[in-house]
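Participant: Got a structure here, written out as structure tokens. Questions coming.
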Amino acid sequence: MLILVIRNGLIGALQMISVVIPAYNEESYIEHTLRSLHGQGVEYESIVVDGGSTDRTVQIARKYADRTLVVKKGGVSAARNAGASAAKGDIILFLDADTRMDKGSLTTIRNAFSDGVVGVCANVRSDGPLHAKVVYKITSAVACVTSLLRIPLFYGMCMAWRRDAFRRAGGFDEATRVGEDMKLTLALHNKGRCKWLRRATVVTSSRRLRGKFLFISPYMHFKNFFKLVLFGRTDKDYPVIR
Numbered sequence: 172m173l174i175l176v177i178r179n180g181l182i183g184a185l186q187m188i189s190v191v192i193p194a195y196n197e198e199s200y201i202e203h204t205l206r207s208l209h210g211q212g213v214e215y216e217s218i219v220v221d222g223g224s225t226d227r228t229v230q231i232a233r234k235y236a237d238r239t240l241v242v243k244k245g246g247v248s249a250a251r252n253a254g255a256s257a258a259k260g261d262i263i264l265f266l267d268a269d270t271r272m273d274k275g276s277l278t279t280i281r282n283a284f285s286d287g288v289v290g291v292c293a294n295v296r297s298d299g300p301l302h303a304k305v306v307y308k309i310t311s312a313v314a315c316v317t318s319l320l321r322i323p324l325f326y327g328m329c330m331a332w333r334r335d336a337f338r339r340a341g342g343f344d345e346a347t348r349v350g351e352d353m354k355l356t357l358a359l360h361n362k363g364r365c366k367w368l369r370r371a372t373v374v375t376s377s378r379r380l381r382g383k384f385l386f387i388s389p390y391m392h393f394k395n396f397f398k399l400v401l402f403g404r405t406d407k408d409y410p411v412i413r
């Protein structure tokens with residue numbers, strides 16, 4: 172959907188964003204994530220794709236989201252692809268269920284799609300303790316540097332793509348269980364520019380860095396980062412973190 176506006180005598184097209192949020196037993200986070208989209212000043216639709224939750228995730232999602240789908244098989248990649256298939260927007264933003272958007276970030280993402288840009292990734296920070304803030308600072312730095320080097324490796328916590336390019340690439344690889352977000356980025360980077368956006372900021376939960384996952388999660392991500400870059404493949408499994 173395109174909305175034509177006149178600004179300083181010029182006619183431009185404002186693109187609608189479809190926000191796709193995969194979720195599974197996210198009753199503690201999903202409301203805050205969906206409410207963070209309100210008042211962003213951008214036309215959008217929100218689509219929650221539930222993986223068969225046994226808690227109140229679906230009930231909460233139906234209260235705040237424009238649409239709620241249930242896809243019980245295939246994991247997060249299948250959920251994202253299902254949401255993308257249902258999307259009506261020209262831009263598809265994939266947002267994790269425990270990740271909130273700062274004010275103005277949706278506008279920054281929408282406005283970044285010009286001059287051949289095919290995909291963008293937001294700056295991510297943590298709401299947790301110091302070690303979580305450091306880890307996500309490094310994560311954002313990797314996305315920033317790799318985008319400048321033209322080998323972008325973006326994270327699924329908050330990434331957006333032109334719908335036509337995403338569909339031509341075949342979407343997320345549903346057979347890939349770890350690093351599916353980075354794999355998609357590498358598949359799309361030769362279709363146009365990919366940008367990391369410092370001023371589009373999201374805040375994600377630090378739950379992936381608590382307890383035993385404090386070391387497991389960073390190790391898994393950085394190991395698969397190098398495996399994907401050097402060998403074009405990643406691990407076949409990833410520990411579930413709730």
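Counting with this note's numbering, you get residues 172 to 413 for the letters of the sequence shown. Glycine residues also receive a C-beta, built at the ideal position from the N, C-alpha and C atoms.
#1: Counting Cβ pairs closer than 8 angstroms, one from the region 326 to 338 and one from the region 271 to 289, do we hit at least three?
#2: Let me know the secondary structure DSSP gives residue 267 once reduced to three states.
#3: Alpha helix (DSSP H) containing residue 248: first to last residue?
#4: Tell me, which residues are paired with residue 238 by DSSP?
#5: Start and end of the beta strand (DSSP E) containing residue 366?
#6: When DSSP builds the beta bridges, which residues end up paired with residue 297?
#7: CA-CA distance, residue 383 and residue 303?
#8: Hey, could you find the ends of the beta strand (DSSP E) residue 333 is sitting in?
#9: Alpha helix (DSSP H) containing residue 201: first to last residue?
#10: Count the other C-beta atoms from every protein chain shown that fall within 10 angstroms of the C-beta of residue 309, then say buried if there are 16 or more, exposed otherwise.
#11: So what's residue 211 in DSSP terms, helix, strand or just coil?
#12: Could you compute how far the alpha carbon of residue 188 sits from the alpha carbon of residue 325?
#13: Going by DSSP, name the residue or residues bridged to residue 291.
Facilitator: Answer, in terms of the structure:
#1: Yes, they touch.
#2: Residue 267 falls in the coil class under three-state DSSP.
#3: In this chain, the alpha helix (DSSP H) harbouring residue 248 covers 246 to 257.
#4: Bridge partners of residue 238: 218.
#5: Counting along the chain, the unbroken beta strand (DSSP E) around residue 366 starts and ends at 364 to 375.
#6: DSSP, once it has assigned bridges, lists 375 as partnering residue 297.
#7: With a pLDDT of 49 at residue 383, under the threshold of 50, the predicted position of this residue should be treated as unreliable, though the coordinate-derived value follows. If I take the Cα positions, the gap works out to 13 angstroms.
#8: Per DSSP, the continuous beta strand (DSSP E) segment holding residue 333 begins and ends at 329 to 333.
#9: Per DSSP, residue 201 belongs to the alpha helix (DSSP H) from 201 to 206.
#10: With fewer than 16 other Cβ atoms within 10 Å, it is exposed.
#11: Of the three classes helix, strand and coil, the one that applies to residue 211 here is coil, per DSSP.
#12: Rounded to the nearest angstrom, the two C-alpha atoms are 19 angstroms apart.
#13: According to DSSP, residue 291 bridges with 331 and 366.
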